[in-house]
Every structure is written in structure tokens, then in C-alpha cells.
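Input: a single structure, listed below in C-alpha cells.
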């Protein structure tokens, strides 16, 4: 039985890896300008390994792949991976499939921090270009503290339903503050912030990829190192304490890791919803509740999903582009509604 489960898990990793590669190739290949796979491989090899094969390529073709398509595909993958991994952590921590960075207010707080930086053109001394993600992460932490503060004031126990309700309340309030900031700006700044809030990875370059990578690495390491705590917390806090888990430390580290991922993703792409809600739920249905596999598979699946969503966003009404947040909502909302109905019917039986 153990060997059967292991072989199934191996196949899941292989299929997920294939899904990532296929979506990445599609993201690089499909566009208004047709470029062959061999040319793409030559360009990437030349810029990464400083090796040249065959004839010299046109400068415009190299710029399209290296400066536009490749950073866009990588950024979409990193953002999707961050949001999906954070969603898996929040769902495991709160033991509820409705929990994700958006429903508990972390994403809204991060969005407010990023909007303040964009609106006031703030640059913190010593941080430079990292001002945007750092302030966004701080905004996410503050929103999280406010949510848990409201829960503590309203009830002594950290009930799951109360946390989600408090998250919705905080998100609504932060949304009104963001609307107020937008209304105080001129037309240009208003358009820029509104379009940013819809979520997009277009017009981003290597600088945005460099911004998210450190936070993605640290957040991912923190969560992967604490998968045992997530498994234990699934049994309840008292049961986790009985088997020797430091519940408070584990919860703190999981919240820090998930907030790092959420804040950095929102800072570089804006608000992209439903990735952290739907993808971990689907992964958990396939793999089971063990976070040793749920976390990494959610990371890769979420990244591949957002590459695919971005591909749809930039091709469905080409040459115009849709915000990627619109595509994820159009796909994610019906899928999640179906999953909830399916789960409720299953419990009814």
C-alpha cells in the first residue's frame, strides 16, 4: 500500500512538472509575433550561458523573448506560485477551504500598502526599489494583526468562521480607503492605480522578477519547513500540543511565511484573486491532506495556472489585453462554487 501511494505521488509530481513546462512553452511561443522553439532556446542559452549557436539573431527578436516574454512568463509563475502556496498554508492553518490571502484580509492590506507607495511615490532610504514589496508586506501584516485583534475582542476563541468574517470586514474597510485614495488623485494616477488593482503581469520586466524572488524563496522555505505543524494543526490545536508541537511558534512562522508570499505577489502584480483559493483546494482533493505534498504541488500548480491565465488574458481579444485578475475570477469563481456544491452534496449523502 505504501509503495502504491508513493508511486501515485511520484506520478503527480511528474504530471505537475509537465504542466508547468507546457504552460511555460505556450507562454513563450504564443503571441502576435511567431518565433520558433529553436530560436527561443538559442536566445535563452545565449543570455543565460553566454553561448551562441548558428547565425546571429535579429536584435528585435532577441528583445521580444528576453526582455518581454520570458520575464512575463517567470513573473506569472512566481506570482501564481506565491499566492497558491500562501492559500494552501492559510487553509491548512485555519482548517477551512474558504481561507486564502483575500478572505482573511492579508491581500487587501498588502494592496493598500502598495497603493500608498504608488500614489505618494515613496522611496524608503536604504530600500530603494524594494520599498514597494516591503511596504506591501508590512500592510499585509498590519491587516492580519487587525483581523486577529477583532477576533480576540469579539470572542475568546479563534473560531474559523469569526476569522473569515473579520477578514471580510477588514477587506471591505481597506477597499473603501483605497477608493478614497484613488478619488483624491488626478486622472493619470487614478487610471494607473485602478488598472494595477485589477492585476496584471504585462509591462513588467526583470526588475519585477528580481523584486519577488527573495520573498518567494524565504516564504517558501518557511512554509515547507513547517509542513509537520500544518499536519498537526489539522487535528486541532489541543491535539497538536499533545503530540509535542509548539502551536504558537508554528502558527507565527506559518503566518509570516504566507504573508511574505502574499505581500510580494501583490506588490508586483496587483490583486489577482482566486488562485490561492481554488488551486490548493483542487490539489488537496487529489493528494489528500498531507501538507508535505500539498504545499509543493500547490506552488507548481498555481504558477502554471497563472501562466495559462495570462496567456488567455493577452490572446482572447488580441491585440488588446484583459487584466489577469479578470481571467482568474472568471475561471476561479465557477470552479470554486462547483467544488463547494460538490462537497456539500457529498456531506449530505
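Residue numbers (my numbering): 9 to 357.
Positions of the beta carbon are idealized from the N, C-alpha and C atoms, including for glycine.
Quantities reported herein were computed from a predicted structural model and do not represent experimental measurements.
Exposure of residue i, with buried meaning 16 or more beta-carbon neighbours within 10 Å
{"i": "residue 59", "result": "exposed"}
{"i": "residue 220", "result": "buried"}
{"i": "residue 88", "result": "buried"}
{"i": "residue 194", "result": "exposed"}
{"i": "residue 349", "result": "exposed"}
{"i": "residue 330", "result": "buried"}
{"i": "residue 53", "result": "exposed"}
{"i": "residue 259", "result": "buried"}
{"i": "residue 5", "result": "As displayed, the chain neither begins before 9 nor continues past 357, which places residue 5 out of reach and without an answer."}
{"i": "residue 22", "result": "exposed"}
{"i": "residue 199", "result": "exposed"}
{"i": "residue 149", "result": "buried"}
{"i": "residue 115", "result": "buried"}
{"i": "residue 133", "result": "exposed"}
{"i": "residue 222", "result": "exposed"}
{"i": "residue 268", "result": "buried"}
{"i": "residue 12", "result": "Low per-residue confidence applies at residue 12: pLDDT is 45, beneath 50, and the placement is therefore not dependable, though the value from the model is reported in the following sentence. The residue is exposed, with fewer than 16 neighbouring Cβ atoms inside 10 Å."}
{"i": "residue 72", "result": "buried"}
Pair within 9 Å by beta-carbon distance, residue i and residue j
{"i": "residue 85", "j": "residue 38", "result": "no"}
{"i": "residue 95", "j": "residue 242", "result": "no"}
{"i": "residue 151", "j": "residue 179", "result": "yes"}
{"i": "residue 209", "j": "residue 314", "result": "yes"}
{"i": "residue 293", "j": "residue 93", "result": "no"}
{"i": "residue 280", "j": "residue 333", "result": "yes"}
{"i": "residue 83", "j": "residue 277", "result": "yes"}
{"i": "residue 262", "j": "residue 245", "result": "no"}
{"i": "residue 326", "j": "residue 40", "result": "yes"}
{"i": "residue 387", "j": "residue 291", "result": "Summary: the structure shown does not reach residue 387, with the chain confined to residues 9 through 357, and so no result is reported for it."}
{"i": "residue 105", "j": "residue 347", "result": "yes"}
{"i": "residue 91", "j": "residue 109", "result": "yes"}
Pairwise C-alpha distance: residue j and residue i
{"i": "residue 361", "j": "residue 252", "result": "Here the chain has residues from 9 to 357 only, and residue 361 is not among them."}
{"i": "residue 197", "j": "residue 206", "result": "14 Å"}
{"i": "residue 249", "j": "residue 18", "result": "32 Å"}
{"i": "residue 46", "j": "residue 25", "result": "21 Å"}
{"i": "residue 316", "j": "residue 35", "result": "7 Å"}
{"i": "residue 56", "j": "residue 214", "result": "13 Å"}
{"i": "residue 130", "j": "residue 298", "result": "42 Å"}
{"i": "residue 224", "j": "residue 310", "result": "13 Å"}
{"i": "residue 191", "j": "residue 247", "result": "50 Å"}
{"i": "residue 138", "j": "residue 122", "result": "11 Å"}
{"i": "residue 51", "j": "residue 75", "result": "11 Å"}
{"i": "residue 239", "j": "residue 147", "result": "28 Å"}
{"i": "residue 270", "j": "residue 107", "result": "13 Å"}
{"i": "residue 9", "j": "residue 160", "result": "Its pLDDT being 41, under 50, residue 9 is placed unreliably in this model, and the value from its coordinates should be taken loosely. Cα to Cα, the separation comes out at about 45 Å."}
{"i": "residue 202", "j": "residue 126", "result": "11 Å"}
{"i": "residue 272", "j": "residue 141", "result": "5 Å"}
{"i": "residue 128", "j": "residue 229", "result": "33 Å"}
{"i": "residue 111", "j": "residue 64", "result": "51 Å"}
{"i": "residue 226", "j": "residue 265", "result": "7 Å"}
{"i": "residue 158", "j": "residue 300", "result": "32 Å"}
{"i": "residue 184", "j": "residue 177", "result": "11 Å"}
Nearest to residue i (by Cα), restricted to the options the options
{"i": "residue 343", "options": "270, 301 and 284", "result": "284"}
{"i": "residue 212", "options": "64, 22, 103 and 318", "result": "318"}
{"i": "residue 78", "options": "43, 92, 326 and 106", "result": "43"}
{"i": "residue 103", "options": "133, 138 and 172", "result": "172"}
{"i": "residue 182", "options": "233, 119, 222 and 259", "result": "119"}
{"i": "residue 175", "options": "113, 139, 70 and 332", "result": "113"}
{"i": "residue 68", "options": "115, 272 and 48", "result": "48"}
{"i": "residue 340", "options": "306, 301, 323 and 286", "result": "286"}
{"i": "residue 81", "options": "337, 312, 327 and 187", "result": "312"}
{"i": "residue 345", "options": "291, 162 and 282", "result": "282"}
{"i": "residue 16", "options": "222, 296 and 338", "result": "296"}
{"i": "residue 305", "options": "154, 347 and 97", "result": "97"}
{"i": "residue 154", "options": "117, 124 and 186", "result": "117"}
Whole runs of the alpha helix (DSSP H) within the stretch 72–141, excluding any shorter than 4 residues | 78–102 and 114–128
Going along the chain, which unbroken runs of the alpha helix (DSSP H) with 4 or more residues stay wholly within the stretch 197–237?
-> 214–233
With a floor of 4 residues, list each alpha helix (DSSP H) that falls wholly inside the stretch 262–350, ordered by position along the chain.
-> 283–295 and 299–323
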